[in-house]
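Enquirer: Going by the working numbering, the sequence shown opens with residue 1, and the numbers climb by one from there.
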Amino acid sequence: MDRRKFLRSAALAGIGLSFPGGLKQAAEAAQAGPDLAVVQGPSAAAITRAAIEALGGMKKFVSRGDIVVVKPNIAWDRVPEQAGDTNPEVVAEVVRLCIEAGAKKVKVFDRPVNDPRRCYVQSGIAEAARDKGADVIFMDDRKFKDMEIKGIALKTWPLYTEVIEADTVINVPIAKHHGLAKLTMSMKNWMGVMGGSRRMIHQKLDESIVDLARAIRPKLTVLDAVRILTDNGPQGGDLDDVKRLDT
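Encoded structure:
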């Protein structure tokens with residue numbers, strides 16, 4: 001056995017000690033590919049595509065005939081340069097890849113804090129996603145349903161049924177500063193599928209976000225860090241608070 005094979009076997013043995021299924025399952029997990037990919041570059045669409053390909057391609061997450069929900073952050077009446085919402089090019093590329101993978105329908109929506117009509121347009125997400133074939137919809141209050149969460153802070157809460165019923169859910173948040181959470185990256189994006197008064201969530205924000213993440217399990221999270229807010233989030237507005245990372 002050469003040195004490389006020895007080290008690989010030793011690593012798998014170590015993983016197997018803590019892996020619930022033992023060596024066989026540990027080996028299968030190791031061969032399945034990475035769980036995380038980080039790509040940098042000047043094109044938001046290109047780095048999004050490259051990151052998903054590094055994880056095994058969109059067909060790993062979307063099957064032919066799937067109803068897919070792509071959930072970006074469209075919370076604020078902000079243009080892309082202000083980095084309050086997910087970059088529209090990132091959202092559009094995720095939509096395109098889903099349809100290419102065989103999705104029957106791709107739905108894009110959020111429950112904005114500002115006027116939804118302005119947020120969808122100003123963010124550039126509505127136009128970009130529709131151009132790639134998505135159904136961009138305004139959320140219907142009649143489609144929120146009380147769901148049992150059984151969390152520490154959240155026991156039950158009305159959640160949007162189209163997220164719960166979708167074959168595949170893809171989370172597409174933006175990394176940015178937040179006055180309470182300091183930095184938000186993925187889990188807090190699920191507040192956009194909550195009904196009711198979300199102000200109550202901020203009383204126990206940390207616990208509530210974790211509870212919510214237990215209730216909603218996306219198959220894939222694509223985190224936009226093309227531009228990030230470094231201060232005065234989550235809404236932003238001042239271009240001096242925006243840093244370009246192209247990631």
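Idealized CB from N, CA, C, for every residue including glycine.
Could you round the C-beta distance between isoleucine 149 and aspartate 66 to whole angstroms and report it? I think they count as a contact, below 8 Å.
Expert: With a Cβ gap of about 25 Å, isoleucine 149 and aspartate 66 do not count as contacting.
Enquirer: Go through the stretch 68-151 residue by residue and report every complete run of the beta strand (DSSP E) that reaches 3 residues or more, in order.
Expert: 105-108, 144-148
Enquirer: Is the stretch 96-110 touching the stretch 198-216, taking contact as three or more C-beta pairs under 8 Å?
Expert: no
Enquirer: Just tell me which of Asp246, Asn73, Gly41 has its CA closest to the CA of threonine 184.
Expert: Nearest of Asp246, Asn73, Gly41 to threonine 184, Cα basis: Asn73.
Enquirer: DSSP three-state call for leucine 245: helix, strand or coil?
Expert: coil
Enquirer: Which same chain residues end up closer than 6 Å to aspartate 224 when comparing Cβ atoms and leaving out the 5 residues on each side of it in sequence?
Expert: Thr86, Asn87, Val90, Ile174
Enquirer: Applying the criterion that 16 or more other CB atoms from any shown protein chain within 10 Å of the CB defines a buried residue, is valine 172 buried or exposed?
Expert: buried
Enquirer: Quick one: any contact between the stretch 135-147 and the stretch 37-45, if contact means 3 or more CB pairs under 8 Å?
Expert: no
Enquirer: Measuring only the C-alpha atoms, how far is glutamate 53 from lysine 59?
Expert: 9 Å
Enquirer: Output yes or no for whether 8 Å exceeds the beta carbon distance between aspartate 167 and valine 68.
Expert: Result yes, Cβ atoms of aspartate 167 and valine 68 sit closer than 8 Å.
Enquirer: Can you say whether leucine 229 is buried or exposed, counting buried as having 16 or more other CB atoms within 10 angstroms of its CB?
Expert: buried
Enquirer: For proline 112, count the other beta carbons within 10 Å of its own beta carbon; 16 or more makes it buried, fewer makes it exposed. Which is it?
Expert: buried
Enquirer: List the endpoints of the continuous alpha helix (DSSP H) containing valine 210.
Expert: 205-215
Enquirer: Rounded to whole angstroms, what is the Cα-Cα separation between methionine 139 and aspartate 240?
Expert: 33 Å
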